[in-house]
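Right, one structure below, let's go through it.
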C-alpha cells in the first residue's frame, strides 16, 4: 500500500491559510484606502477610522464537525465560538468530516484549520509529512468493531478468511481490521478489502455487496438498530479521538486555536451535565433514534477522558506504529518515531479557560 496521494484543493478555499490571511488583510487595506479616497480624506485625517476598517476583518476560522466527535456537534449547536470570536471580526465556518481520512485530507489541503481524527490516522498523516499537531483529546471511544448482517454465519475474525470486508483506509476501523486479522493469524491478503467511506460500507453490508464491515459509530449503532450484529469487539484496537490542527494555523492564529480548545473544555462539561441533550443533538445530526444515540454517548464514547494529549496517547500510537510500516502506509519506523516526537501538544489544554466563552446556554 502506498502513501495517500496528494489531493487537489477544494474550489471554495483556493489558498492555504497563510495566503488566505494575507489576502484578507490586503483586501481590508484596499477597502480602507478606497473609503478614504471616496470621502476625500487625506492621510492622517481619519486614522482611527482606517484602523477600524482594518481590524473589522479578523479572518476566518474553519473547523470540522463530525458525528464521531460529539463535542464538535455541541460546540456547533451552541454557537459559542461564533459569539466569542465575533468581537475580533472572525468568521467561523464549519465543514463536516465523514471520517478521519477526510478530515486529514482537508487538513493537508488547507481546507480546514482544525479537524477531528482518530489517533492512528493522525499518526499516519504526521509520519507522511502532514504538518499537524494534536491539541486536544475529545474522546476515548470504542467506536469500531466487526459488523455483520443479521443472518451472517461469521462469528469471529477467523471466519473472514476468503470474505469481502468494507473498510475506510486511513481510519481507525481500517487499522482495527489490520490488528484483528493479525491477532487471528490472518493478514490483509486473506480477505478482500473494499475501500468504502463509512456510510457506504454500511450500505454495502446491508445490500449484500460485502460479507462484513468494520463499522464506525454512530453509523454502526444505526446499523445495529436495523439488525446488524457486532461479531468482534476490542477496545484496545480503538485509538483515541483527537483534535488536530495545522502547524501554520497554530503559528499564525494561536488565540483562535486557544478559543477552540476552550470551547471543547466547555462542551465536555456541558455534555456531562446534559447527557440527554447531547444524545439528542447527535440523533438529530446523524439521523438516529434517540435511544441509539444515547447508547453511543453513554456506552461507547467516554467523553470524560483527560483532554491533554500526552503519554496515554503516545503508548497507544507506539503500538500501532509498526503496523503502519508493515502495511506499507509509512516507509519506515524512523518516520513513526519522528512523528510521535512531534505530534502531541498539550499547552492549549493546559491553558484552557472555558469560562472565557461566557455562560452556557
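In my numbering, the protein residues as written are 65 to 425.
Each residue gets a CB set at the ideal place from its N, CA and C atoms; glycine is no exception.
The C-alpha of residue 167 lies about 7 Å from the C-alpha of residue 128.
Between residue 268 and residue 149, the CB-CB gap reaches or exceeds 8 Å.
Rounded to whole angstroms, the gap between the alpha carbons of residue 371 and residue 224 is 36 Å.
Taking one beta carbon from each stretch, the segment 287 to 297 and the segment 206 to 221 have 3 or more pairs nearer than 8 Å; the two touch. The alpha-carbon of residue 200 is positioned some 24 Å away from that of residue 298. By the neighbour-count definition (other C-beta atoms within 10 Å, threshold 16), residue 315 is an exposed residue. For residue 200, no alpha helix (DSSP H) encloses it; the enclosing beta strand (DSSP E) starts and ends at 196 to 203. Residue 123 sits buried, since 16 or more C-beta atoms from the chains shown fall within 10 Å of its C-beta. Between the C-alpha atoms of residue 367 and residue 204 there is a straight-line separation of about 7 Å. Going by beta carbons, residue 235 and residue 164 fall inside the 8 Å limit. When the beta-carbon positions are compared, residue 231 and residue 241 come within less than 8 Å of each other. Separation of residue 215 and residue 239 (C-alpha to C-alpha, rounded to the nearest whole angstrom) is 26 Å. Contiguous alpha helix (DSSP H) elements confined to the segment 268 to 349 occur at 283 to 289, 311 to 316, 318 to 337, taking only those with 4 or more residues. A residue is called buried when at least 16 other Cβ atoms come within 10 angstroms of its Cβ; residue 275 meets this threshold and is buried. When secondary structure is reduced to three states using DSSP, residue 179 falls in the strand class. Within the same chain, and ignoring the five residues on either side of residue 213 in sequence, the residues whose Cβ sits closer than 8 Å to its Cβ are 269, 270, 272, 291, 292, 293. The alpha-carbon of residue 158 is positioned some 11 Å away from that of residue 146. Within the segment 134 to 193, the complete alpha helix (DSSP H) segments at least 4 residues long are 134 to 142, 144 to 150, 164 to 173, 183 to 191, listed from N- to C-terminus.
Inter-residue distance for residue 362 and residue 384 is about 26 Å (C-alpha atoms, whole angstroms).
The alpha-carbon separation between residue 400 and residue 393 amounts to approximately 11 Å. Residues 122, 123, 124, 125, 320 of the same chain have their beta carbon placed closer than 8 Å to that of residue 154, with the five preceding and five following residues left out of the count. Taking a contact to require three or more Cβ pairs closer than 8 Å, the segment 186 to 196 and the segment 323 to 341 do not qualify as touching. Relative to residue 341, the option among 358, 260, 350, 352 whose CA is nearest is 358. Around the beta carbon of residue 386, fewer than 16 other beta carbons lie within 10 angstroms, which makes this residue exposed. For residue 395, the three-state secondary structure derived from DSSP is coil.
Under the three-state reduction of DSSP, residue 370 is assigned to coil, being neither helix nor strand. Minimum Cα-Cα distance from residue 265 among the listed residues 250, 307, 208 corresponds to 208.
Cα atoms of residue 284 and residue 345: separation of roughly 17 Å, rounded to the nearest angstrom.
For the 8 Å CB-CB criterion, residue 404 and residue 373 do not form a contact. Taking 8 Å as the cut-off, the beta carbon of residue 352 is found closer than this to the beta carbon of residue 286. The bridge partners DSSP lists for residue 248 come to none.
Residue 228 and residue 243 have their C-alpha atoms some 17 Å from each other.
Inclusion of residue 183 and residue 377 in the CB contact set at 8 Å is warranted, their separation being smaller than that value.
Rounded to the nearest angstrom, the gap between the Cα atoms of residue 375 and residue 347 is 33 Å. With at least 16 other beta carbons inside 10 angstroms of its own, residue 161 counts as buried.
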